[in-house]
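Protein chains in written order, with our numbering: chain A, 169 to 483; chain F, 169 to 483.
2 protein chains.
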Amino acid sequence: MQKIEEIAKGVLTGDKKSIARAITMAENTPEEAQSLIAAVYPHTGKAHVIGLTGPGGSGKSTLIEKMVREYRQRGKTVGVIAVDPTSPFTGGAFLGDRIRMQELTTDNGVFIRSMATRNNPGGIAKATRDAVKILDASGKDVIIVETVGAGQSEVEIIKVAQTVIVIHAPGLGDEIQAIKAGLMEIADIFVVNKADRENADKAVVDIQAMLQLDNKEKAWTPPIIKTIALTSEGVPQLIEKIEEHWQFLQRGLLHKRSLEKAEAELVEAIKDKVTSSIIEKLKREKCFEEILRRIVEREIDPVSAAEKLLNQMFE
Amino acid sequence: MQKIEEIAKGVLTGDKKSIARAITMAENTPEEAQSLIAAVYPHTGKAHVIGLTGPGGSGKSTLIEKMVREYRQRGKTVGVIAVDPTSPFTGGAFLGDRIRMQELTTDNGVFIRSMATRNNPGGIAKATRDAVKILDASGKDVIIVETVGAGQSEVEIIKVAQTVIVIHAPGLGDEIQAIKAGLMEIADIFVVNKADRENADKAVVDIQAMLQLDNKEKAWTPPIIKTIALTSEGVPQLIEKIEEHWQFLQRGLLHKRSLEKAEAELVEAIKDKVTSSIIEKLKREKCFEEILRRIVEREIDPVSAAEKLLNQMFE
């Protein structure tokens, strides 16, 4: 097996195999990956991380493919991380899509990877953050993280991004509700894809109406961009808006957001460190099994039981 | 404001207002809700908790409506918890759907509630578990938890269920991939809804093929039920299968699963208790801000920083 130092060195030179190995390590053996992440971390913080989220059928993957091509034409290197079991990047899609995506990956300025949500209960957000760090350290100018925008964990994952794009397409029925409910506040840019379809203008008006309901003073008003991903229409305009948002962030908000992200990651790491040792210890005690039995018998609820155990431990 | 003891008493008599208040408390002020949960916990453990998950457009809500009616005909009381921003239960749907759902809620043997995923980052799984406990304590015979089956948190939430139903419908394109990727292992029963559509049989065959790929020895082989929720066709058969699974669980697995659930909840509660006090303390230290700055400046990565802080603290 390759040494971690070697993999780290490979990542920093942008070597595709090393990047792939590093991300796999972050997925499967996060504790082992930690020294790798620590080694590459000083070389991160340069990439612009873009989150793209929206319901299935809105055309996320096609749009990303075209965004990658546009960025490449502008001379920028791109990383793509798909956290979506239905994404074509994961291989689970129509053959034509897969072939177009594979074409992209022969370009040395592009790295595409899907994260396996399957064997990674709870750890997908951490693994995705590590993958972003690895791609950032590898020198990618832009990193796009794709998620299917449903559920709280998706919203958590998209928080790695500095610019969040929420995509929608006409004809997805009630899915606009999903945007309303959870994604509205986190969007920096809205995209209405499949803009040649009937009702595209209605989708735009709906989003505008929602934006107007939000009375908060905002330094940045999320623009709504119409695209037809299949023909690349609107993609250059979208990239322009993304650049505008990046410049907006750099005029002030970026530092505040970086601090918030650092705090969130630090707090999570502290929690992991503290609890894993305590829980290991508790599980070996005889009273642990006894208290489990009492919870199952409905004699005590889990939270009160936790208090009891900890009080005993620190008596 | 009503006292917690009064709300708890109300919950135990099945009073709708008290149940609603209790669940709101679990959502918004989980720490305050803890004494309520502790009070009702000894009265839980009787309900059969059913999880229903599947992609948008598969007809989950309509099926649940018909399941509720079928259970009521069989004399059983039912609670429904929707953890799905696109669910009609949340009010975000076609008027016709909403009216049909509201009809149900005038029945005193039925309690329907949607969980707000919005203001509850990370805590939705905990709040849902608490809502299940509250409905269980209120005497509901059956509790149905609905989620849109995408993302890891959804899979986490559905783990509250003793019987997990994965629903699919023909014509949802690649969404079958989503089932393949994440939900396959947790399904106890498959439903192919909209069974009058073209390709319904193909959907059944696809699921069968996936089941055969799974070589593990199983005491329970997940059946595949065809339904047409709109006309209630197949719904009685589905309820029969659910009952069969419940009896299967009671012949052995139920105790093992209860122990696993108790352990998962206990460990999570221990983590919360331990870390909240330590993190409060750390945040007040001057070195916390200093280390945040260093993370942002890429001088140290968050996990190494956490180690450092904790070492200093316990020196």
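Glycine included, C-beta positions come from ideal geometry on N, C-alpha and C.
Within chain A, partners of residue i - CB distance below 7 Å
i	result
T175/F	With the sequence shown as reference, residue 175/F is identified as Ile, and Thr is not the correct amino acid for it. In chain order: nothing, as chain A lies at least about 16 Å away.
D469/F	I205, A206 and Y209
E475/F	K441
E433/F	P470
L180/F	None at all; the shortest Cβ gap to chain A is about 13 Å.
L478/F	I438, K441 and V442
Where residue i meets chain F, residues with beta-carbon distance less than 7 Å
i	result
S282/A	Here the premise fails: no neighbours, minimum Cβ distance about 10 Å.
I335/A	Going along chain F, no residue has its Cβ under 7 Å from I335/A, so there is no contact; the nearest lies around 15 Å.
Straight-line Cα distance separating residue j from residue i
i	j	result
I232/F	N276/F	17 Å
A261/A	K441/F	Because the pLDDT at A261/A is just 42, under 50, the model does not fix this residue reliably, and the point stays unresolved.
V310/A	N196/A	25 Å
A346/F	N361/A	Model confidence at A346/F stands at a pLDDT of 49, short of 50, so the residue's coordinates are unreliable and nothing is read from them.
N287/A	I335/F	Residue placement at N287/A is flagged as unreliable, the pLDDT there being 48, under the threshold of 50; a coordinate-derived value is accordingly withheld.
E431/F	I396/A	50 Å
P289/F	E324/A	A caution first: P289/F carries a pLDDT of 48, below 50, which makes its placement in the model unreliable, though a value can still be read off. Approximately 8 Å between the Cα atoms of the pair.
T258/F	Q270/F	The predicted model places T258/F with a pLDDT of 48, which falls under 50 and marks its position as unreliable; any figure quoted below should be read in that light. If I take the Cα positions, the gap works out to 11 Å.
E465/A	I447/F	33 Å
G307/A	G247/A	9 Å
S445/F	P338/F	51 Å
L263/A	I187/F	At L263/A the pLDDT is 47, less than 50, meaning the model places this residue with poor confidence and gives no usable figure here.
Q380/F	T389/F	10 Å
K409/F	V372/F	16 Å
T221/A	I249/A	12 Å
K370/A	I438/F	49 Å
G225/F	L340/F	7 Å
Q202/A	D469/F	9 Å
P404/A	D183/F	58 Å
I407/F	H423/A	55 Å
L477/F	M235/F	53 Å
E238/F	E411/A	55 Å
N367/F	D374/F	10 Å
L450/A	F456/F	29 Å
T443/A	S426/A	26 Å
Q376/A	I191/F	33 Å
N- and C-terminal bounds of the alpha helix (DSSP H) containing residue i
i	result
I187/A	K184 to N196
V442/A	L422 to R452
K171/A	No alpha helix (DSSP H) contains K171/A, which DSSP labels as neither H nor E.
F416/F	V403 to F416
T296/F	I292 to A305
S229/F	K228 to Q241
A377/F	A368 to L381
M481/A	P470 to M481
Beta-bridge pairing of residue i - partner residues as DSSP gives them
i	result
V313/F	G219/F and I249/F
V359/F	I335/F and I393/F
R281/F	I249/F
Range of the contiguous beta strand (DSSP E) that encloses residue i
i	result
I396/F	It is not in any beta strand (DSSP E) - I396/F carries neither H nor E in the DSSP assignment.
Check: residue i C-beta below 7 Å from any heavy atom of the ligand FAD
i	result
E233/F	Only the bare structure without any ligand can be found here, which leaves the ligand FAD out of the picture.
Contacts that residue i makes with chain F (C-beta to C-beta distance below 8 Å)
i	result
T443/A	I438, K439, V442 and T443
I172/A	Those do not exist, as I172/A stays about 14 Å from chain F at its closest Cβ, beyond 8 Å.
L450/A	I438
I446/A	I438 and V442
L303/A	Chain F residues near L303/A: none, gap ~15 Å exceeds 8 Å.
Partner residues on chain A for residue i, Cβ-Cβ distance less than 9 Å
i	result
V464/F	G213, H423, S426, L427, K429 and A430
Contacts of residue i in chain A (Cβ-Cβ under 8 Å)
i	result
P223/F	G224
Residue i: contacting residues in chain F (beta-carbon distance under 9 Å)
i	result
Q202/A	D469, V471 and S472
I459/A	A430 and L434
Touch test, the segment 294-314 of chain A against the segment 208-224 of chain A, Cβ-Cβ under 8 Å, three pairs minimum: yes
The segment 295-306 of chain F / the segment 184-199 of chain F touching (three or more Cβ pairs under 8 Å): yes
Cβ contact check for the segment 172-180 of chain F and the segment 203-211 of chain F: 3 or more pairs under 8 Å: yes
Three CB pairs or more closer than 8 Å across the segment 418-431 of chain A and the segment 455-463 of chain F: yes
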